[in-house]
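For reference, the structure is listed below as structure tokens.
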Ligand code: SF4
Ligand code: SF4
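Protein chains in written order, with our numbering: chain A, 636 to 1025; chain B, 3 to 221.
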């Protein structure tokens, strides 16, 4: 007889009944509806429809996570939608505002670039040494270079990050979705052997960009290396150097966000370049949630390793029963493991004891954050499309 | 010659400019220092080598500029050319340095020397020394500030003394870098440091070439 204690310790969690899944979805349903209220109360019909659709989308995905007990495939729908709708909305806005995706340097100096979280690690040293934010923009109108709006945003990011760690990169980042979508397209990876040292490159980018940002007093990554400039807002090129800068953005985007994910089925930009991702990894040490491998059950078939989009599992780490620091808590390995050996875990508790409870607790936090950040962006992206259609 | 008041001024200027010096030398010092072996002794050797030649670079540049009658305030076009040239050289040396790290013998019996980037006779040239010299003549903002003040002094000896005291004060800000010796070195740390060095080098090369070609970096 499979008693309760037994199922709590090992094996995969079986699918839930409809009623139980609905009950577990209730808190997120209320939160998602609350988040969509502002849009629903606007006079703009497109925004009303977009808000309702977003709330329904988020609730449905969470419900499926509860019903099927798998995480990755449902989360991926959300993440890809976020990754695709963000540039649509962003590009639409800048085109309406100034008729071009290129931002003139004067506007950057005047602090009119919208806030982006990627340069956060580059701002810390200059801010600590000179009390100045070297980010050329604001997150709220009138926020300015050292605007309180930006401070509030950074504070919110920090609070969430301390709890979910690098989970930010699976549930909040509005850049990772395009490559995750690309990686999902092919059935099999064409390139399977990737040099494991490439995983260290984001740390090198982080080190170089932090130092250059301090020396040049500007967010060097945004100026020279960010692939997402290709689908958001780049420095308006007025000479050859500007063209080189924009060329770098386009080449990096095409290679790391489109081509390599198709060939490798990995999130190659996140794994091999993003300095924010490396920085975010540090907070995996503060987060109470992590993924563990129950070595008593593990065969090891390394299916988890193959499924990991960020190469965060190695033979060694599996032997040790843990992931690398770069794990972004996407849940792919847990879903892929046929033995239920890869499990969600809360620090300080015994591994593989009630892992589903750990998963639920993580997902409530992560999905609430997803609804708050991603939900708003998805709504605005949908509204932009609807405005064109209706 | 400068009295104690003048020397005090040089020292205070150096102390105040220290963070800017550290910031502008950081992209060169930190990755190359991390790519060296561990231990505060080796790191102290790196820093003394780096700072020693940086000092020589300061004095050399000041002396030559004084002789040419353009202490630190060369016309903007000339300054851009010097700045661009130094950037290109720094980029090349950093790439060479990163390449040389790969050739360092890591066997237990190997001596714990500094990474050398070339050979003069039978001896290698310490990469730290070359980087120190180049940053010493790179016309960074604190250096220019000190130069402007030194230019008002009556003779070259006073100006050089001013620079020497200024240098000593800025050097105090470099002392904490010895602490990087405590960072454990393994293949991953060396790989990260080396790759960071290559990225910084590429930036210097690009910026340097742009300056030499008379192009503005932004806009
Ligand atoms: S690694 Fe960078 S781009 Fe990828 S999800 Fe994280 S923050 Fe976004
Ligand atoms: S280790 Fe698992 S949870 Fe972490 S990134 Fe890889 S697949 Fe996702």
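Where a beta carbon is used, it is the ideal one built from N, C-alpha and C, also for glycine.
All values derive from a computational prediction rather than experimental measurement.
On the CB-based measure, 16 or more other CB atoms within 10 Å of its CB, does residue i come out buried or exposed?
| i | result |
| --- | --- |
| residue 970 (chain A) | buried |
| residue 132 (chain B) | buried |
| residue 101 (chain B) | exposed |
| residue 42 (chain B) | exposed |
| residue 828 (chain A) | exposed |
| residue 836 (chain A) | buried |
| residue 955 (chain A) | exposed |
| residue 920 (chain A) | exposed |
| residue 1025 (chain A) | exposed |
| residue 944 (chain A) | buried |
| residue 109 (chain B) | Reliability fails at residue 109 (chain B), whose pLDDT of 49 lies under 50, so the model's placement of it is uncertain and the value that follows must be treated cautiously. It is exposed - the Cβ of residue 109 (chain B) has fewer than 16 other Cβ atoms within 10 Å. |
| residue 909 (chain A) | buried |
| residue 797 (chain A) | exposed |
| residue 49 (chain B) | buried |
| residue 671 (chain A) | buried |
| residue 761 (chain A) | buried |
| residue 1023 (chain A) | exposed |
| residue 156 (chain B) | exposed |
| residue 78 (chain B) | exposed |
| residue 741 (chain A) | exposed |
| residue 748 (chain A) | buried |
| residue 985 (chain A) | exposed |
Can residue i and residue j be called in contact, C-beta distance under 8 Å?
| i | j | result |
| --- | --- | --- |
| residue 926 (chain A) | residue 962 (chain A) | yes |
| residue 931 (chain A) | residue 826 (chain A) | no |
| residue 723 (chain A) | residue 1021 (chain A) | no |
| residue 12 (chain B) | residue 167 (chain B) | yes |
| residue 754 (chain A) | residue 862 (chain A) | no |
| residue 999 (chain A) | residue 662 (chain A) | yes |
| residue 142 (chain B) | residue 34 (chain B) | no |
| residue 39 (chain B) | residue 196 (chain B) | no |
| residue 720 (chain A) | residue 1010 (chain A) | no |
| residue 129 (chain B) | residue 85 (chain B) | no |
| residue 135 (chain B) | residue 81 (chain B) | no |
| residue 103 (chain B) | residue 192 (chain B) | yes |
| residue 169 (chain B) | residue 16 (chain B) | yes |
| residue 923 (chain A) | residue 1013 (chain A) | no |
| residue 972 (chain A) | residue 953 (chain A) | no |
| residue 856 (chain A) | residue 736 (chain A) | no |
| residue 668 (chain A) | residue 690 (chain A) | yes |
| residue 216 (chain B) | residue 138 (chain B) | no |
| residue 36 (chain B) | residue 200 (chain B) | no |
| residue 916 (chain A) | residue 801 (chain A) | yes |
| residue 697 (chain A) | residue 1002 (chain A) | yes |
| residue 162 (chain B) | residue 61 (chain B) | yes |
| residue 729 (chain A) | residue 848 (chain A) | no |
| residue 865 (chain A) | residue 840 (chain A) | no |
For residue i, which residues of its own chain have a beta-carbon under 6 Å away from its beta-carbon, when the five flanking residues on both sides are left out?
| i | result |
| --- | --- |
| residue 903 (chain A) | 891, 895, 896 |
| residue 619 (chain A) | Given a span of 636 to 1025 for chain A in the structure shown, any question on residue 619 (chain A) remains unanswerable. |
| residue 20 (chain B) | 172, 175 |
| residue 838 (chain A) | 913 |
| residue 725 (chain A) | 867 |
| residue 1018 (chain A) | 681, 682, 685 |
| residue 707 (chain A) | 965, 966, 967, 970 |
| residue 940 (chain A) | 948 |
| residue 118 (chain B) | 126, 127, 128 |
| residue 198 (chain B) | 33 |
| residue 991 (chain A) | 648 |
Who are the near neighbours of residue i in its chain, counting only those whose CB is closer than 7 Å to its CB and skipping five residues on each side?
| i | result |
| --- | --- |
| residue 207 (chain B) | 90, 93 |
| residue 878 (chain A) | 872 |
| residue 29 (chain B) | 202 |
| residue 650 (chain A) | 702, 703, 704 |
| residue 644 (chain A) | Here residue 644 (chain A) scores only 44 on pLDDT, less than 50, and its place in the model should not be relied on; the value that follows carries that caveat. Same-chain partners within the cutoff: 987, 988. |
| residue 53 (chain B) | 134, 173, 176 |
| residue 180 (chain B) | 42, 45, 46, 49 |
Is residue i near ligand 4 - that is, is its Cβ less than 7 Å away from at least one heavy atom of it?
| i | result |
| --- | --- |
| residue 128 (chain B) | Looking for ligand 4 in the displayed structure turns up nothing; the ligands present are ligand 1 and ligand 2. |
Please work out which residues of its chain come closer than 8 Å, Cβ to Cβ, to residue i, disregarding the five sequence neighbours upstream and downstream, and give them in chain order.
| i | result |
| --- | --- |
| residue 815 (chain A) | 711, 714, 715, 718, 896, 902, 944 |
>> Using a Cβ distance threshold of 8 Å, determine whether the segment 140–159 of chain B contacts the segment 58–71 of chain B, with at least three qualifying pairs required.
In response: As far as the Cβ criterion goes, the segment 140–159 of chain B touches the segment 58–71 of chain B, which means the pair count is three or higher.
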